[in-house]
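Engineer: So the sequences go chain by chain: A and B.
357 is the number of the first residue of the first sequence in this note's numbering; add one for each residue after it.
-6 is the number of the first residue of the second sequence in this note's numbering; add one for each residue after it.
I'd like to ask some things about the structure below.
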Amino acid sequence: MRRRGLAIIGVVGALAACSPAPKPVNDAAPAGKAGSTLATVQKHGYVSCGASQANAGFSLPDDKGYWRGLDIDMCRAVAAAVLGDQDKARFVPLTGQQRLTALQTGEIDLLPRTTTWTMARDANGVNFTFPNYYDYTGFMVRAATGATKPADIKGASVCVQTGSITEVIFADVSWRQKLDLKPVIFDNVSATRQAFFSGRCDALITDASSLYSVRATQSKNPDDYVIFAANDEANPLTPAVRHGDDQWFDIVKWVFQAQITAEYLGITRDNVDEMLKSEDPAIRRLLGVEPGYGKALGLREDWAYQIIKQVGNYGEVYDRNVGKDSKLKIDRGLNRLQRDGGLMVPLPFS
Amino acid sequence: MVWWRDQKFRAIALQLLAASAFIGLILWLTGNTAANLAKRGLTVGFDFLGRAARFPISESILSYSPTDHFWWAYTVGLGNTLFITVIVALTATVLGLMLAILRREDNPLAQGAGTTYVEFFRNTPLVVQLLFWYALVTVGLPSIDAPLNPLPGVYLTERGLYLPAISLNGLDMPVRAKFNFEGGLNLSPEFVAMYLGLSLYAAAFIGEIIRGGLEAVSKGQTEAALALGLAPKQALNLVLIPQALRIIIPPMTSQYINILKNSTLALVVGYPDISFVTATTINQTGQALEGIFILMLVFFTISIVTSVAMNIYNSRVALKVR
């Protein structure tokens, strides 16, 4: 009797041990649809993009509910290129924790939401296209203190938000330059910002792009605050697509390239129609007057024309969202074309 | 009798079946977890504890620098947790005792004040109370440029309370530097909000436990004590309280453990307790399972130790029935 009992345990045990057999690893989200993001987008009639929850200048709906921002325009450019209409784009607001999962599971087709290109993320199921904004970590302090560089804020209290690389950069800067900065650390964004504006801290540290955005939208008088870099490291914010669809990866890369090439060639929203008559072979190739380049990507020949006509070149997109024509007024800095001393390199369009 | 009709066999077989199903479930969960972790490229293990933590901790009673290791960061967080728990437990016990005595007074004003306090603090969520105290301390107090200076060397500002510290070289006075006061002793708003919030909240519960204990001692005991010629104070201290303690101690143990567990709400006001350190560690290393495991182990250990200590004390004061 005891023996039979043991036999039963043996069988049950064996069954239990078999059940967790690991499934084959497959990161290319919707199975069997590899290479078909373009087809899906064309079938739906819209591109689905990840957006931030509130990041003025990068992605934020205006008072009429129309999404605006640098990252939003990246998505609109893809919609213009693929579907011929920049408004055939839908935006899904995502938190920092949801964003990569949403892309990997196919909930969105493109993630242009201020995501830093890091090795761990790149190796874990997403492909990064080209950085569309080079950010850096900055301090914001009251202008009355006269501080213009980290060395000027020795002994200051600094509001820091936990849960990002900012914390580590803060500790490194304070330790390397022996600044004896006093951190005041919070778990959420609004508490951190509020503590800074209430006077609990002398400085606020985070991505410079958010600092500009906070200064423009949340301070009583933006001129009362100055922003400067915490260190000399650039932080490339890069639109990402999921692994396993090379055609879609190429499309998104070249949509961005079309925008910086257009700026390089001097093609703008206003003059793009005239430029169609240009003799310049580079312009003729970009605008599809000389055919073949759209077809290579699986798009219509006028794809780049539509991007520039509807969304504009990179310089126009930058200026209107975060640059001189916006409330944020962020200097082009590293985001200039390589020709002008920045890091935006137009690749050969041929 | 056929073997499967045998009751003893059935009992054992069912037990074994249930046990194997449970073990199977555990194995399945472990296997799945391992497979998912491998799929996401995450490694499991406690190796990260020996790496440099690199993140800052805003204040601590043990000394800490971002170049220290993760295990030390945990220890520093634990130090803060224990520190806040112990001083809150002491404060809340004293306050609670006062509250219990207040509610037993014949004076309706004293009774009413005690009742209002208990009802107010017991019936609002602790998180809300903590946020309230934090807002009061940071928004209600003057800025660092115009501090309240009630006594020489004592400054009260939205950045906390600055006091002279006693050191080997005599008094160490806080001195205003460009951005902050340097030197002296600083109680941060985060610490003050935590200390006030937790103490006042726990006092309401402890007060009720003590009052309950005192009420439970039969009225005849007080009357007998008074009849024997003891003063009312002596009756309270020598007769009432020793008997009430027997009833009070078990629920007090739960309250002390509650204070410990509630200290994890430090996250909302930015006081760096062990759960704050754990959250940051998980974020920096991605080792969520290990981080939570350590946190659970630490809380489990402290709770068990508290519980055992209180039980030993309880068995010493308990009524000896021979």
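For glycine and all other residues, C-beta sits at the position ideal for the given N, C-alpha and C.
Below 9 Å between beta carbons is the criterion; list the residues of the stretch 246 to 270 of chain B that meet it against any residue of chain A, in chain order.
Structural biologist: Within the stretch 246 to 270 of chain B, the qualifying residues are Leu260, Val261, Val262, Gly263, Pro265, Phe269.
Engineer: Report the rounded CA-to-CA distance for Lys683 of chain A versus Thr573 of chain A, giving the unit in angstroms.
Structural biologist: Whole-angstrom Cα-Cα distance: 8 Å.
Engineer: So if DSSP puts Glu175 of chain B in a beta bridge, which residue, or which two residues, is it bridged to?
Structural biologist: DSSP lists B:Val168 as partners of Glu175 of chain B.
Engineer: Starting from Trp423 of chain A, follow its DSSP beta bridges and name the residues at the other end.
Structural biologist: In DSSP, Trp423 of chain A forms a bridge with A:Pro417.
Engineer: Lys505 of chain A versus chain B: which residues are under 8 Å apart at the beta carbon?
Structural biologist: Neighbours of Lys505 of chain A on chain B: none; closest Cβ ~14 Å, over 8 Å.
Engineer: Taking the C-alpha atoms as reference points, what is the distance between Ala387 of chain A and Arg477 of chain A?
Structural biologist: Because the pLDDT at Ala387 of chain A is just 34, under 50, the model does not fix this residue reliably, and the point stays unresolved.
Engineer: Does the structure place the stretch 230 to 241 of chain B close enough to the stretch 197 to 205 of chain B that three or more beta carbon pairs sit under 8 Å?
Structural biologist: Judged by Cβ distances under 8 Å, the stretch 197 to 205 of chain B makes contact with the stretch 230 to 241 of chain B, as three or more pairs qualify.
Engineer: Could you give the distance in angstroms between the alpha-carbon of Arg532 of chain A and the alpha-carbon of Leu55 of chain B?
Structural biologist: Cα to Cα, the separation comes out at about 22 Å.
Engineer: Output needed in chain order: residues of the stretch 120 to 147 of chain B with a Cβ under 8 Å from some Cβ in chain A.
Structural biologist: So the close ones are Thr131, Val132, Ser136, Ile137.
Engineer: Since Val570 of chain A and Arg549 of chain A are thought to touch, with beta carbons under 8 Å apart, how far apart are those beta carbons, to the nearest angstrom?
Structural biologist: That belief holds up - the Cβ atoms of Val570 of chain A and Arg549 of chain A are roughly 6 Å apart, short of 8 Å.
Engineer: Is it true that the stretch 489 to 504 of chain A meets the stretch 685 to 694 of chain A, where meeting means three or more beta-carbon pairs spaced less than 8 Å apart?
Structural biologist: Because the criterion of three Cβ pairs below 8 Å is met, the stretch 489 to 504 of chain A and the stretch 685 to 694 of chain A touch.
Engineer: Grouping DSSP H, G and I as helix and E and B as strand, with all else coil, what is Tyr402 of chain A?
Structural biologist: In the structure shown, Tyr402 of chain A sits in coil (DSSP, three-state: anything other than H, G, I, E or B).
Engineer: If the criterion is Cβ atoms closer than 8 Å, does the pair Ala209 of chain B and Val130 of chain B meet it?
Structural biologist: No, they are not a contact pair.
Engineer: Report the residues of the stretch 548 to 573 of chain A with a CB closer than 8 Å to any CB of chain B, ordered along the chain.
Structural biologist: So the close ones are Ala551, Ser554, Gly555, Arg556, Asp558.
Engineer: Using 8 Å as the limit for Cβ to Cβ distance, is Pro182 of chain B near chain A?
Structural biologist: Closer than 8 Å to some Cβ of chain A, the Cβ of Pro182 of chain B qualifies, so yes.
Engineer: Quick check for students: name the residue ranges of the alpha helix (DSSP H) that lie wholly in the stretch 16 to 97 of chain B, counting only runs of 4 or more.
Structural biologist: You should have 63 to 97.
Engineer: Looking at the C-beta of Ser513 of chain A, does it have a partner C-beta in chain B at a distance below 8 Å?
Structural biologist: Closer than 8 Å to some Cβ of chain B, the Cβ of Ser513 of chain A qualifies, so yes.
Engineer: Cα separation between Leu42 of chain B and Phe292 of chain B?
Structural biologist: The straight-line gap from Cα to Cα measures roughly 18 Å.
Engineer: Report buried or exposed for Thr246 of chain B, applying the criterion of at least 16 other Cβ atoms within 10 angstroms of its Cβ.
Structural biologist: Its Cβ being crowded by 16 or more others within 10 Å, Thr246 of chain B is buried.
Engineer: Just checking: is the beta-carbon of Ser53 of chain B within a distance shorter than 8 Å of some beta-carbon in chain A?
Structural biologist: Judged by the 8 Å Cβ criterion, Ser53 of chain B is not in contact with chain A.
Engineer: Can you give me the C-alpha to C-alpha distance between Gln460 of chain A and Thr393 of chain A, rounded to a whole angstrom?
Structural biologist: Rounded to whole angstroms, Gln460 of chain A to Thr393 of chain A spans 12 Å at the Cα level.
Engineer: Per DSSP, Val529 of chain A forms a beta bridge with which residues?
Structural biologist: Bridge partners of Val529 of chain A: none, in fact.
Engineer: Starting from the beta carbon of Lys534 of chain A, find every residue of chain B whose beta carbon is closer than 9 Å, and list them in chain order.
Structural biologist: Correct list: empty, because the minimum Cβ distance to chain B is about 12 Å.
Engineer: Keeping to the same chain, check which residues put their C-beta closer than 7 Å to that of Lys665 of chain A; ignore five residues upstream and five downstream.
Structural biologist: If we look at Lys665 of chain A and ignore the five residues flanking it on each side, its Cβ neighbours are Arg625, Val628.
Engineer: Kindly give me the distance between the Cβ atoms of Met496 of chain A and Leu535 of chain A, rounded to whole angstroms, as I take these residues to be in contact under 8 Å.
Structural biologist: Not quite, the Cβ-Cβ distance comes to about 16 Å (not below 8 Å), so this is no contact.
Engineer: Which whole-angstrom value is the C-beta distance of Val597 of chain A and Val482 of chain A, which I expect to be below 8 Å?
Structural biologist: With a Cβ gap of about 7 Å, Val597 of chain A and Val482 of chain A count as contacting.
Engineer: Write down the C-beta distance between Ala272 of chain B and Thr504 of chain A rounded to the nearest angstrom, noting that I regard them as a contact closer than 8 Å.
Structural biologist: Wrong, their Cβ atoms sit about 34 Å apart, outside the cutoff.
Engineer: Residues in the same chain with beta-carbon distance under 6 Å from Val381 of chain A, minus the five sequence neighbours each way, listed in chain order, please.
Structural biologist: With a pLDDT of only 37 at Val381 of chain A, under 50, the local geometry of the prediction cannot be trusted, and the value read off the model is given with reservation. There are no such residues.
Engineer: At least one CB of chain B closer than 8 Å to the CB of Pro578 of chain A: is that the case?
Structural biologist: No, Pro578 of chain A does not count as interfacial toward chain B.
Engineer: Determine the contact status of Tyr670 of chain A and Ile616 of chain A, defining contact as a CB-CB distance below 8 Å.
Structural biologist: Result yes, Cβ atoms of Tyr670 of chain A and Ile616 of chain A sit closer than 8 Å.
Engineer: I want to verify the contact list: residues of chain A whose CB lies under 7 Å from the CB of Lys171 of chain B, in sequence order.
Structural biologist: Chain A residues near Lys171 of chain B: Gly511.
Engineer: Within 8 Å, do at least three Cβ pairs link the stretch 73 to 82 of chain B to the stretch 93 to 112 of chain B?
Structural biologist: At 8 Å Cβ cutoff, the stretches do not touch.
Engineer: Output needed for Leu189 of chain B: all residues of its chain with C-beta closer than 7 Å, excluding positions within five of it in sequence on either side, in chain order.
Structural biologist: Trp126.
Engineer: Would you say Asn276 of chain B reaches chain A, if we count a Cβ-Cβ gap shorter than 8 Å as a contact?
Structural biologist: Taking Cβ atoms only, chain A reaches closer than 8 Å to Asn276 of chain B, which makes this a yes.
Engineer: Scan the stretch 445 to 491 of chain A and note each continuous beta strand (DSSP E) run of 3 residues or more that stays entirely inside, going in chain order.
Structural biologist: Taking only runs of at least 3 residues, the beta strand (DSSP E) segments lying wholly in the stretch 445 to 491 of chain A are 445 to 449, 482 to 484, 489 to 491.
Engineer: Hey, is Glu283 of chain B's beta-carbon within less than 8 Å of any beta-carbon in chain A?
Structural biologist: Closer than 8 Å: no.
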